[in-house]
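Engineer:
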Amino acid sequence: LDPRDRDLLRYAAVLGVEFSLPALQLMLAARGQRVDDEALRRVGDFIESAGDIRRRFRHAVIRDVAYSGLPYRLRRQMHEQVGRALEQGDHRDDDDLVDQLSMHFFHAGKYEEAWRYSRDAADRARDKYAHAEALEFLERALECRSHARGIQPAQVAALYEQLGDIRDIAGLSVEAAYAYRRARAFV
471 LDPRDRDLLR YAAVLGVEFS LPALQLMLAA RGQRVDDEAL RRVGDFIESA GDIRRRFRHA
531 VIRDVAYSGL PYRLRRQMHE QVGRALEQGD HRDDDDLVDQ LSMHFFHAGK YEEAWRYSRD
591 AADRARDKYA HAEALEFLER ALECRSHARG IQPAQVAALY EQLGDIRDIA GLSVEAAYAY
651 RRARAFV
(Lines of atoms letter the chains of each structure in order from A and count residues from 1; the text may use other names and numbers.)
(Lines give C-alpha, C1' and ligand atoms only; values in the text may rest on other atoms or scores of the structure.)
Protein backbone atom coordinates (compact mmCIF):
# COMPACT_ATOMS: atom_id res chain seq x y z
CA LEU A 1 0.00 0.00 0.00
CA ASP A 2 0.93 3.59 -0.50
CA PRO A 3 2.20 5.00 2.83
CA ARG A 4 -0.74 7.45 3.04
CA ASP A 5 -3.24 4.63 2.50
CA ARG A 6 -1.46 2.50 5.09
CA ASP A 7 -1.66 5.41 7.56
CA LEU A 8 -5.36 5.82 6.81
CA LEU A 9 -5.96 2.16 7.66
CA ARG A 10 -3.84 2.36 10.81
CA TYR A 11 -5.59 5.49 12.06
CA ALA A 12 -8.99 3.96 11.30
CA ALA A 13 -7.92 0.88 13.27
CA VAL A 14 -7.59 3.02 16.41
CA LEU A 15 -11.30 3.82 16.10
CA GLY A 16 -12.28 0.15 16.08
CA VAL A 17 -13.71 -2.39 13.66
CA GLU A 18 -16.51 0.05 12.80
CA PHE A 19 -16.00 3.80 12.84
CA SER A 20 -17.41 7.12 11.63
CA LEU A 21 -15.80 9.03 8.79
CA PRO A 22 -15.95 12.36 10.69
CA ALA A 23 -13.90 10.82 13.52
CA LEU A 24 -11.34 9.50 11.03
CA GLN A 25 -11.22 12.87 9.25
CA LEU A 26 -10.62 14.60 12.58
CA MET A 27 -7.70 12.29 13.40
CA LEU A 28 -6.10 12.67 10.00
CA ALA A 29 -6.60 16.46 9.95
CA ALA A 30 -4.59 16.71 13.17
CA ARG A 31 -1.71 15.11 11.25
CA GLY A 32 -2.10 17.22 8.10
CA GLN A 33 -3.86 14.54 6.06
CA ARG A 34 -7.41 14.09 4.83
CA VAL A 35 -9.87 11.43 3.76
CA ASP A 36 -11.47 11.82 0.37
CA ASP A 37 -13.49 9.55 -1.90
CA GLU A 38 -10.39 8.58 -3.86
CA ALA A 39 -8.56 7.44 -0.70
CA LEU A 40 -11.59 5.42 0.39
CA ARG A 41 -11.73 3.81 -3.05
CA ARG A 42 -8.06 2.83 -2.84
CA VAL A 43 -8.57 1.07 0.51
CA GLY A 44 -11.89 -0.44 -0.58
CA ASP A 45 -10.46 -3.97 -0.38
CA PHE A 46 -10.05 -3.48 3.36
CA ILE A 47 -12.87 -1.12 4.40
CA GLU A 48 -16.53 -1.18 3.38
CA SER A 49 -19.50 1.10 3.88
CA ALA A 50 -21.65 0.63 6.99
CA GLY A 51 -24.02 3.54 6.36
CA ASP A 52 -23.84 7.13 5.20
CA ILE A 53 -20.97 8.24 7.41
CA ARG A 54 -19.88 4.92 8.86
CA ARG A 55 -17.30 2.45 7.60
CA ARG A 56 -16.06 -0.90 8.87
CA PHE A 57 -13.13 -3.17 8.29
CA ARG A 58 -14.10 -6.13 6.13
CA HIS A 59 -12.44 -8.46 8.64
CA ALA A 60 -11.38 -7.91 12.25
CA VAL A 61 -7.99 -9.44 11.39
CA ILE A 62 -7.33 -6.60 8.93
CA ARG A 63 -8.08 -4.09 11.68
CA ASP A 64 -5.84 -5.93 14.14
CA VAL A 65 -2.92 -6.05 11.71
CA ALA A 66 -3.29 -2.35 10.87
CA TYR A 67 -3.48 -1.48 14.58
CA SER A 68 -0.41 -3.54 15.44
CA GLY A 69 1.57 -1.55 12.88
CA LEU A 70 1.29 1.60 14.99
CA PRO A 71 4.02 2.44 17.49
CA TYR A 72 2.76 2.23 21.10
CA ARG A 73 3.35 5.90 21.86
CA LEU A 74 1.40 6.97 18.79
CA ARG A 75 -1.44 4.58 19.70
CA ARG A 76 -1.72 6.14 23.14
CA GLN A 77 -1.71 9.67 21.69
CA MET A 78 -4.35 8.76 19.14
CA HIS A 79 -6.60 7.07 21.69
CA GLU A 80 -6.41 10.16 23.88
CA GLN A 81 -7.12 12.42 20.90
CA VAL A 82 -10.20 10.40 19.97
CA GLY A 83 -11.39 10.28 23.58
CA ARG A 84 -11.08 14.06 23.97
CA ALA A 85 -12.86 14.64 20.65
CA LEU A 86 -15.69 12.32 21.69
CA GLU A 87 -16.04 14.13 25.02
CA GLN A 88 -16.33 17.50 23.31
CA GLY A 89 -18.51 16.43 20.41
CA ASP A 90 -22.26 16.34 20.04
CA HIS A 91 -22.99 12.63 20.41
CA ARG A 92 -26.48 12.55 21.91
CA ASP A 93 -27.50 9.82 19.47
CA ASP A 94 -24.46 7.67 20.15
CA ASP A 95 -25.69 4.87 22.42
CA ASP A 96 -22.26 3.40 23.02
CA LEU A 97 -20.42 6.66 23.74
CA VAL A 98 -19.35 5.68 27.28
CA ASP A 99 -18.18 2.30 25.94
CA GLN A 100 -15.96 4.07 23.42
CA LEU A 101 -14.69 6.58 25.96
CA SER A 102 -13.83 3.77 28.37
CA MET A 103 -11.82 1.95 25.74
CA HIS A 104 -10.03 5.00 24.31
CA PHE A 105 -9.00 6.47 27.65
CA PHE A 106 -7.89 3.08 28.94
CA HIS A 107 -5.63 2.55 25.94
CA ALA A 108 -4.42 6.14 26.22
CA GLY A 109 -3.31 5.49 29.79
CA LYS A 110 -5.73 8.12 31.14
CA TYR A 111 -6.87 5.99 34.04
CA GLU A 112 -9.01 8.51 35.94
CA GLU A 113 -11.20 9.03 32.87
CA ALA A 114 -11.15 5.32 32.02
CA TRP A 115 -12.23 4.50 35.61
CA ARG A 116 -15.21 6.85 35.38
CA TYR A 117 -16.35 5.83 31.90
CA SER A 118 -15.80 2.11 32.53
CA ARG A 119 -18.09 2.27 35.56
CA ASP A 120 -20.74 4.11 33.54
CA ALA A 121 -20.41 1.61 30.68
CA ALA A 122 -20.73 -1.31 33.13
CA ASP A 123 -23.93 0.20 34.55
CA ARG A 124 -25.30 0.66 31.03
CA ALA A 125 -24.43 -2.92 30.06
CA ARG A 126 -25.90 -4.32 33.27
CA ASP A 127 -29.14 -2.40 32.66
CA LYS A 128 -29.36 -4.07 29.23
CA TYR A 129 -28.63 -7.51 30.77
CA ALA A 130 -25.42 -7.63 28.73
CA HIS A 131 -23.49 -9.44 31.44
CA ALA A 132 -20.41 -10.27 29.38
CA GLU A 133 -19.97 -6.59 28.49
CA ALA A 134 -20.60 -5.54 32.08
CA LEU A 135 -17.88 -7.95 33.24
CA GLU A 136 -15.42 -6.48 30.74
CA PHE A 137 -16.09 -2.90 31.85
CA LEU A 138 -15.99 -3.72 35.57
CA GLU A 139 -12.69 -5.55 35.16
CA ARG A 140 -11.32 -2.62 33.16
CA ALA A 141 -12.40 -0.17 35.86
CA LEU A 142 -10.76 -2.28 38.54
CA GLU A 143 -7.57 -2.44 36.50
CA CYS A 144 -7.61 1.37 36.30
CA ARG A 145 -7.98 1.86 40.04
CA SER A 146 -4.36 1.02 40.81
CA HIS A 147 -3.19 3.77 38.43
CA ALA A 148 -5.83 6.41 39.12
CA ARG A 149 -5.76 8.85 42.01
CA GLY A 150 -8.54 9.82 44.37
CA ILE A 151 -10.51 6.58 44.26
CA GLN A 152 -12.04 5.80 47.63
CA PRO A 153 -11.92 2.28 49.10
CA ALA A 154 -15.72 2.27 49.36
CA GLN A 155 -15.94 2.83 45.59
CA VAL A 156 -13.60 -0.09 44.95
CA ALA A 157 -15.59 -2.30 47.33
CA ALA A 158 -18.83 -1.43 45.53
CA LEU A 159 -17.27 -2.28 42.17
CA TYR A 160 -15.98 -5.64 43.42
CA GLU A 161 -19.44 -6.37 44.81
CA GLN A 162 -21.02 -5.57 41.42
CA LEU A 163 -18.43 -7.78 39.76
CA GLY A 164 -19.32 -10.58 42.13
CA ASP A 165 -23.03 -10.14 41.42
CA ILE A 166 -22.53 -10.29 37.66
CA ARG A 167 -20.16 -13.25 37.88
CA ASP A 168 -22.73 -15.06 40.02
CA ILE A 169 -25.48 -14.37 37.47
CA ALA A 170 -23.15 -15.65 34.72
CA GLY A 171 -22.63 -18.89 36.65
CA LEU A 172 -19.04 -18.12 37.65
CA SER A 173 -19.50 -18.88 41.34
CA VAL A 174 -15.82 -19.39 42.22
CA GLU A 175 -14.89 -16.10 40.54
CA ALA A 176 -17.88 -14.40 42.21
CA ALA A 177 -16.72 -15.57 45.65
CA TYR A 178 -13.26 -14.15 44.95
CA ALA A 179 -14.77 -10.79 43.97
CA TYR A 180 -16.86 -10.72 47.16
CA ARG A 181 -13.73 -11.44 49.24
CA ARG A 182 -11.92 -8.60 47.48
CA ALA A 183 -14.87 -6.28 48.18
CA ARG A 184 -14.70 -7.14 51.87
CA ALA A 185 -11.01 -6.18 51.93
CA PHE A 186 -11.92 -2.61 50.84
CA VAL A 187 -14.77 -2.08 53.29
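Start counting the sequence shown at 471; every next residue gets the next number (this note's numbering). Where a beta carbon is used, it is the ideal one built from N, C-alpha and C, also for glycine.
1. Can you tell which of ALA500, ARG501, ILE517 has its C-alpha closest to the C-alpha of GLU508?
2. Answer yes if the stretch 517-527 comes into contact with the stretch 580-595, meaning at least three C-beta pairs across the two stretches below 8 Å, and no otherwise.
3. Across the stretch 594-604 and the stretch 613-629, are there enough close Cβ pairs to call them in contact, namely three or more that are closer than 8 Å?
4. In angstroms with no decimal places, state the Cα-to-Cα distance between ALA604 and ASP593.
5. If you draw a straight line from the C-alpha of ARG652 to the C-alpha of TYR630, how long is it?
6. So SER588 is in the beta strand (DSSP E); what residue range does that whole segment cover?
7. Beta strand (DSSP E) containing SER538: first to last residue?
8. What does ILE621 pair with, by DSSP beta-bridge criteria?
9. Under a three-way DSSP split, which group does SER519 fall into?
Structural biologist: If we stick to the structure as given:
1. Counting from 1 along the sequence shown, the entry for residue 508 is found at position 38. Selected option, being the one with the closest Cα: ILE517.
2. no
3. no
4. Against the sequence shown, residue 604 aligns to sequence position 134. Against the sequence shown, residue 593 aligns to sequence position 123. Distance between the alpha carbons of ALA604 and ASP593 is about 7 Å.
5. Sequence index remark: in the sequence shown, residue 652 carries index 182 (1-based). Sequence index remark: in the sequence shown, residue 630 carries index 160 (1-based). Distance between the alpha carbons of ARG652 and TYR630 is about 6 Å.
6. Residue 588 sits at position 118 when you count from the first residue of the sequence shown. Premise fails: SER588 lies in the alpha helix (DSSP H), 581-597, not in any beta strand (DSSP E).
7. As a working mapping, residue 538 is identified with position 68 in the sequence shown. First-last for SER538: 530-538, but that is the alpha helix (DSSP H), not the beta strand (DSSP E).
8. Within the sequence shown, the letter at position 151 stands for residue 621. According to DSSP, ILE621 bridges with nothing at all.
9. Here the question's residue 519 lines up with position 49 in the sequence shown. Three-state DSSP puts SER519 in a strand.
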